[in-house]
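Numbering (the numbering used here), first residue to last: 18 to 464.
Where a beta carbon is used, it is the ideal one built from N, C-alpha and C, also for glycine.
This one's a predicted model, so the numbers in the text were calculated from it and none came from an experiment.
Notes to accompany the following structure.
Below, the structure written as structure tokens:
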């Protein structure tokens with residue numbers, strides 16, 4: 018099948034095979050990656066791939082699958098297996114049909130840069146620029162990845178929804194080291210080459226690593242903390258992920274039953290927006306063909322609602338929010354509303370506390386309660402009278418997610434797009450400020 022007609026032909030075949038409803042998404046992607054360590058490029062790779070994802074709905078049963086085998090024989094075998102599976106799996110108690118199209122989709126701008134399709138030698142040059150900046154700031158070595166891709170996505174459903182869009186994205190992630198343990202990180206990302214600032218990412222990583230040369234052992238306790246943008250992105254990625262009605266219904270969210278409640282500080286307002294220009298998660302429609310739009314998750318700390326597809330919306334008795342995932346609804350771009358203070362002003366509010374640049378390996382002891390712990394790294398600094406005085410070793414963030422969000426006292430006025438691999442709940446991007454929080458709890462390892 019030709020790529021341009023692949024989703025429509027797939028839906029036709031699925032209906033002929035016995036599906037009552039069907040949807041198909043075809044994606045043609047071109048990706049590249051440069052890995053580097055010890056100041057040297059170590060791996061350069063490029064990939065082209067076509068993927069077809071298909072959905073079958075029959076007798077209130079739902080089956081979804083993806084394949085890269087686009088041979089006629091392979092597709093017919095997959096379609097038969099999916100329809101057969103739809104005859105034997107358990108029907109859903111709560112069900113709704115696919116959204117009825119056709120739809121008029123929003124214009125989503127500045128999400129595709131054709132130069133990322135042909136990026137080769139320039140990618141290595143950008144890595145070298147980042148490494149050079151890290152070394153100029155005093156780092157001894159730098160490592161990281163530069164990943165980029167461009168794609169064309171086409172959707173067709175049996176309910177009359179159809180559309181296509183092109184997108185691209187790039188993420189340069191740098192870790193710099195000034196000795197065996199002193200590390201810093203920097204990240205730059207965007208939908209086009211012009212969004213990227215390799216020198217800034219490398220320089221930030223090197224500068225933070227330099228601040229971590231002198232260190233002191235951490236002490237368990239509660240501290241006033243300024244969280245850097247990478248750490249904020251991780252926290253807000255979790256919050257937005259937990260606002261998915263699927264995770265609420267599955268018992269994997271501390272937001273269950275809290276719509277309309279004050280779950281965070283009044284200074285926090287957070288939206289999901291699939292239409293934002295130059296944003297890595299923007300797209301005109303979701304996986305069910307429903308238009309995307311801007312919607313609140315938090316307004317002045319109050320939880321406004323969950324993210325839905327048609328199936329979760331049917332169970333909760335509401336309308337879809339244009340966030341499908343055929344199985345799991347999810348955010349597109351998580352946008353934190355800017356505050357009114359600068360980064361330096363936030364730091365000046367800390368008399369004796371911490372600066373936490375990055376947060377990794379967040380693990381929940383109790384999802385429903387929101388209790389978690391995470392490793393803080395790449396810039397954990399003791400701050401006195403607004404100035405960093407030494408790195409702090411051996412601390413672990415041990416908090417409750419909603420309790421921590423209620424402790425936020427101020428939000429910076431500069432918000433930047435952040436995406437990196439520690440955002441494990443799947444938000445394509447978080448537009449993150451720095452934040453100041455009070456009496457944040459940390460623990461230390463015990464023998």
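Residue i (DSSP reduced to helix, strand or coil)
| i | result |
| --- | --- |
| residue 332 | helix |
| residue 225 | helix |
| residue 97 | helix |
| residue 293 | coil |
| residue 180 | strand |
| residue 216 | helix |
| residue 202 | strand |
| residue 345 | coil |
| residue 148 | helix |
| residue 129 | coil |
| residue 123 | coil |
| residue 24 | helix |
| residue 102 | helix |
| residue 90 | helix |
| residue 386 | coil |
| residue 358 | strand |
| residue 136 | coil |
| residue 30 | helix |
| residue 453 | strand |
| residue 464 | For residue 464, the predicted structure reports a pLDDT of 42, less than 50, and the residue's modelled location is therefore unreliable. A value from the coordinates is still provided. Three-state DSSP puts residue 464 in coil, outside helix and strand. |
Distance between residue j and residue i (C-alpha atoms, nearest Å)
| i | j | result |
| --- | --- | --- |
| residue 296 | residue 169 | 16 Å |
| residue 464 | residue 408 | Residue placement at residue 464 is flagged as unreliable, the pLDDT there being 42, under the threshold of 50; a coordinate-derived value is accordingly withheld. |
| residue 270 | residue 258 | 9 Å |
| residue 40 | residue 396 | 46 Å |
| residue 322 | residue 276 | 6 Å |
| residue 450 | residue 99 | 44 Å |
| residue 344 | residue 369 | 46 Å |
| residue 130 | residue 46 | 13 Å |
| residue 432 | residue 360 | 10 Å |
| residue 421 | residue 455 | 9 Å |
| residue 197 | residue 96 | 54 Å |
| residue 305 | residue 358 | 40 Å |
| residue 267 | residue 328 | 14 Å |
| residue 33 | residue 190 | 47 Å |
| residue 73 | residue 27 | 11 Å |
| residue 349 | residue 309 | 9 Å |
| residue 383 | residue 256 | 14 Å |
| residue 106 | residue 38 | 16 Å |
| residue 299 | residue 128 | 7 Å |
| residue 43 | residue 264 | 26 Å |
| residue 434 | residue 251 | 12 Å |
| residue 284 | residue 362 | 16 Å |
| residue 83 | residue 69 | 6 Å |
| residue 340 | residue 76 | 24 Å |
| residue 216 | residue 423 | 35 Å |
| residue 213 | residue 165 | 11 Å |
Nonlocal neighbours in the same chain, by C-beta distance under 8 Å from residue i, ignoring five residues either side
| i | result |
| --- | --- |
| residue 141 | 51, 58 and 61 |
| residue 410 | 198, 232, 233, 234, 235 and 397 |
| residue 462 | 411 and 413 |
Own chain residues within Cβ distance below 7 Å of residue i, not counting five before or after
| i | result |
| --- | --- |
| residue 311 | 288, 290 and 292 |
| residue 154 | 220, 223, 224 and 227 |
| residue 377 | 391, 392, 394 and 439 |
| residue 262 | 323, 324, 325, 329, 333 and 346 |
| residue 249 | 449, 450, 451 and 452 |
| residue 301 | 122, 123, 125, 180, 182, 308 and 309 |
| residue 116 | 176, 178, 305, 306, 307, 327 and 337 |
| residue 279 | 318 and 319 |
Same chain, Cβ closer than 6 Å to residue i, neighbours up to 5 away in sequence not counted
| i | result |
| --- | --- |
| residue 458 | 239, 415 and 416 |
| residue 113 | 327 and 331 |
| residue 138 | none |
| residue 193 | 151, 156, 159, 201, 222, 223 and 226 |
| residue 364 | 243 and 403 |
| residue 167 | 47, 133, 134 and 185 |
| residue 428 | 284, 356, 450 and 452 |
Bridge-paired residues (DSSP) for residue i
| i | result |
| --- | --- |
| residue 163 | 51 and 189 |
| residue 316 | 319 |
| residue 308 | 302 |
| residue 373 | 244 and 397 |
| residue 173 | 41 and 179 |
| residue 84 | 69 |
| residue 61 | 51 |
| residue 352 | 288 and 448 |
| residue 141 | Answer by DSSP bridge pairing: none, since residue 141 is not bridged. |
| residue 158 | 194 |
Within-8 Å CB hit, residue i to chain B
| i | result |
| --- | --- |
| residue 49 | In summary, chain B is missing from the structure at hand, where a single protein chain is found. |
Heavy atom of the ligand PLP within 7 Å of residue i beta-carbon
| i | result |
| --- | --- |
| residue 278 | Among the ligands in the structure shown, none appear at all, so the ligand PLP cannot be discussed. |
Which ranges does the alpha helix (DSSP H) cover as unbroken runs of at least 4 residues, wholly within the stretch 236–281, from first to last along the chain?
246–259 and 262–267
Which whole runs of the beta strand (DSSP E) in the stretch 389–445 are 3 residues long or more, in chain order?
404–410, 413–417, 425–428 and 433–435
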